[in-house]
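Input: a single structure, listed below in structure tokens.
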Amino acid sequence: VQLQASGGGLVQPGGSLRLSCAASGSILGIDGMHWYRQAPGKQRELVAGIMRSGRTTYARSVKGRFAISRDNAKNSVYLQMNTLKPEDTAVYFCKQDIYNGGSWDTYWGQGTLVTVSS
């Protein structure tokens, strides 16, 4: 199983970006899909998550600005980021909990850099 994240880039404060993360390989089911981020010199933190049930969770710092969604048919999770701030600058990682027929395992994408700067 591999996760491929994309959509990062340079954006001005107040702008928007949409991140995508697609899983491929031997996949029979996916439960939790999450986005984390890690800013320079800081620990990785949870940004948002969505369960197969549709239940979502957000970090307080992004609530109301970011929206997570998923497409189960495409094994994909998305993060719509609006009203971006310089403090949102970080490498964003996706994480998915995947059942491959033998066990549930956690997989991470490679990270995509988001830079918010004027």
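2 is the number of the first residue of the sequence shown in our numbering; add one for each residue after it.
Quick reminder that beta carbons are idealized off the backbone N, C-alpha and C, glycines included.
Nearest candidate by alpha-carbon position, reference A91, set T113, L80 and G102:
Nearest option by C-alpha distance: T113.
To the nearest angstrom, report how far apart I99 and A74 are at their CA atoms.
Spanning the two alpha carbons is a distance of roughly 14 Å.
Would you call R97 buried or exposed, if buried means 16 or more other Cβ atoms sit within 10 Å of its Cβ?
Per the sequence shown, residue 97 should be read as Gln rather than Arg. By the 10 Å Cβ count, Q97 comes out buried.
From D32, F67 and R61, residue whose alpha carbon lies closest to that of S104
Here the closest residue by C-alpha is D32.
Considering just the uninterrupted stretch of the beta strand (DSSP E) at A60, what are its terminal residues?
First-last for A60: undefined, no H or E at that position.
C-beta contact flag for A60 and E46 at 8 Å:
Against a cut-off of 8 Å, the Cβ pair of E46 and A60 comes out as a contact.
Contacting residues, own chain, Cβ-Cβ under 8 Å from T57 (five flanking each side not counted):
Only A49, G50, I51 and I69 meet the Cβ criterion.
In terms of residue numbering, what span does the beta strand (DSSP E) encompassing Q81 cover?
S77 to M82 is the extent of the beta strand (DSSP E) around Q81.
So for A40, helix, strand or coil by DSSP?
Coil at A40, not helix or strand.
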